[in-house]
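First comes the structure, then the notes that go with it.
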Amino acid sequence: MTSGPQLRLGKTLLPGLLAVALFGIMALVVLNTSFTTTMADAGFPDGISITSEIGYAMFDLDALSSTDGNMGATEPFLAAFLLIAVTLDAALDASLVLAKREEEGEPVAALSSTGPGDSGPGVGAGPAPDSSGFGHSEPTVTDGGGGNGSSSGGGSDGDAGSGVDAESTGSDDGPADTDTDTETETAGGDDR
Amino acid sequence: MSIGIEYYVLLSMGLFCIGLFGVLTRRNALMFLMSVELMLNAANINLIAFAFYHGNLTGQVFALFTMALAAAEVAVGLGIILVLYRNFRDVDVTVPTTMRW
Amino acid sequence: MMYTIAFALFAFVTLASGLCVVLLKDPWHSALMLGVALMSIAVHFVMLAAEFVAMMQILVYVGGVLILITFAVMLTQREEEASEEVVQA
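Chains as they are written, first to last, in full-length UniProt numbering: chain A, 1 to 192; chain B, 1 to 101; chain C, 1 to 89.
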């Protein structure tokens, strides 16, 4: 299974010549530009803490920030900070919505390892709930084709399902969706 | 400190063009995501280099914001890739063609 | 002189690992090379007097984004080898 790193070369790298051409053009532009800032006035003034200045600029604390050199010209960023906080919230919600999968029209929670009607595995350590939880959690814990295939792809194509079973080494016991069986069959065919 | 600003600009342009190269040549959605990370980091190098050479902290604060947005972008992108893999059994970006007209 | 040597060394590391990210065949190797590239970019940030941004770069990118990418690579890896062979053929 483990193999050394292999480069991926060939004719598929041909569109990458566009990127190389873009680099050439931009390098030409930069090397013909004279930057006015000299090395002498580069850098930050001594005696200030850059981290606390970043904090003052980010939270709009003008009264605390220093005014040495160009440091006083730092813009306040409180509105941008709040906008990005809201954006991170939206990204969290979006990733939760994407991680949720639906079985027969009703959504299943993203992090539940057992079914919605099943008793949780942490009820007791006795033998009877342990075995029942094992048996019931087996079809729902498989992520990819298990629940989906048992609901939709049951009677449509049985041969593609067996091909997927033989090809993917037993992690999920359901057939794939009906519109993707050609890809999985070709992949399995080339895998042999 | 005697490194000219143009060398930092050249470095960030090289990294950006490597990321663009990856986007243009690969068909794996995960490789797309990693190439976009490279391009965002090239922009961050540019921002921080100019912040240093102008003695102004705006570039550093903006680079922090860029990193937060990159984290959000990766979270949503990986969710999309996992849904793609669940529906198509593959992460090739040329396989899902159902939204083409 | 010292800064010039350090800049040249880490610029080379950054560009080479970036090229490895886009050229390696296995996405897991690409993810590892992305980690190398992000850390050498953090070194550039330290050289530009942006220590806080460098720390945030390592925490957010290497600690968060790279772990997420690793999760996605491992969740999608089995079919990936087969499809890469299809692409190559």
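Don't be surprised by glycine CBs; every beta carbon is placed ideally from N, CA and C. It should be emphasised that the depicted structure is a prediction, and the values quoted were computed from it without experimental measurement.
For residue j and residue i, believed in contact at Cβ under 8 Å, the rounded distance
i              : j              : result
L34 of chain C : V43 of chain C : Incorrect: roughly 15 Å between the Cβ atoms, too far for contact.
I84 of chain A : A68 of chain B : 5 Å
E12 of chain C : I50 of chain A : Correcting the residue type first, residue 12 of chain C is Phe in the shown sequence and not Glu. Rounded, the Cβ-Cβ distance is 27 Å, inconsistent with contact.
S65 of chain A : A57 of chain A : 7 Å
L15 of chain B : L15 of chain C : 7 Å
DSSP beta-bridge partners of residue i
i                      : result
R86 of chain B         : Paired residues: none, contrary to the question.
L7 of chain A          : C:L24
residue 176 of chain B : The shown model of chain B, from 1 to 101, leaves out residue 176 of chain B, and the question about it has no answer.
Interface partners of residue i on chain A, CB under 7 Å
i              : result
V9 of chain B  : V30
H44 of chain C : Within chain A, no residue comes near H44 of chain C; the closest Cβ sits about 15 Å away, beyond 7 Å.
A68 of chain B : I84 and L88
Range covered by the alpha helix (DSSP H) that runs through residue i
i              : result
Y3 of chain C  : M2 to L23
Y61 of chain C : Here Y61 of chain C belongs to no alpha helix (DSSP H), and DSSP marks it neither H nor E.
T87 of chain A : L78 to A99
E6 of chain B  : I5 to T25
V70 of chain C : Correcting the residue identity first, residue 70 of chain C is Thr in this sequence and not Val. From DSSP, the alpha helix (DSSP H) with T70 of chain C extends over L66 to L75.
L17 of chain A : L17 to L31
S52 of chain A : I50 to M58
Chain-ordered neighbours of residue i on chain C, where CB pairs are closer than 8 Å
i              : result
T51 of chain A : E51 and F52
Per-residue contacts from residue i into chain B (C-beta, under 9 Å)
i              : result
S40 of chain C : In chain order: nothing, as chain B lies at least about 10 Å away.
Under 7 Å by beta carbon: chain C residues contacting residue i
i                      : result
N87 of chain B         : In chain order: nothing, as chain C lies at least about 12 Å away.
A71 of chain B         : V60, G64 and V65
residue 105 of chain B : Within the shown structure, residues of chain B are numbered from 1 to 101, placing residue 105 of chain B beyond reach of any answer.
Interface residues of chain A facing residue i [CB-CB closer than 8 Å]
i              : result
N56 of chain B : N70, M71, A73 and T74
V93 of chain B : Chain A residues near V93 of chain B: none, gap ~13 Å exceeds 8 Å.
Residue i Cβ short of 6 Å to the ligand MN heavy atom set
i              : result
V65 of chain C : As far as ligands go, the structure on display features none, and thus does not contain the ligand MN.
Contacts that residue i makes with chain B (C-beta to C-beta distance below 8 Å)
i              : result
L98 of chain A : V76, G79, I80, L82 and V83
M74 of chain C : The contacting residues do not exist; M74 of chain C stays about 11 Å from chain B at best.
L68 of chain C : V74, A75 and L78
A27 of chain A : L10 and M13
Amino acids of chain C, ordered along the chain, whose beta-carbon sits closer than 9 Å to that of residue i
i              : result
I45 of chain B : T14, I41, H44, F45 and L48
Per-residue contacts from residue i into chain B (C-beta, under 7 Å)
i              : result
M56 of chain C : L64 and M67
L32 of chain C : By Cβ distance, chain B contributes nothing, its closest Cβ being about 11 Å from L32 of chain C, past 7 Å.
A91 of chain A : A72, A75 and V76
*Contacting positions in the stretch 8–21 of chain A - beta carbon closer than 9 Å to chain C*: Those would be R8, L9, G10, T12, L13 and G16, in chain order.
*In chain order, what residues of the stretch 16–29 of chain C put their CB closer than 7 Å to some CB of chain B?*
The residues in question are G18, L19, V21, V22 and P27.
*Where the stretch 54–65 of chain A meets chain C: residues whose CB sits under 7 Å from a CB there*: Answer in chain order: I54.
_Can you pull out the residues from the stretch 12–41 of chain B whose beta carbon lies closer than 7 Å to at least one beta carbon of chain A?_
Under the 7 Å Cβ criterion, the stretch 12–41 of chain B contributes M13, G14, C17, L20, F21, L24 and T25.
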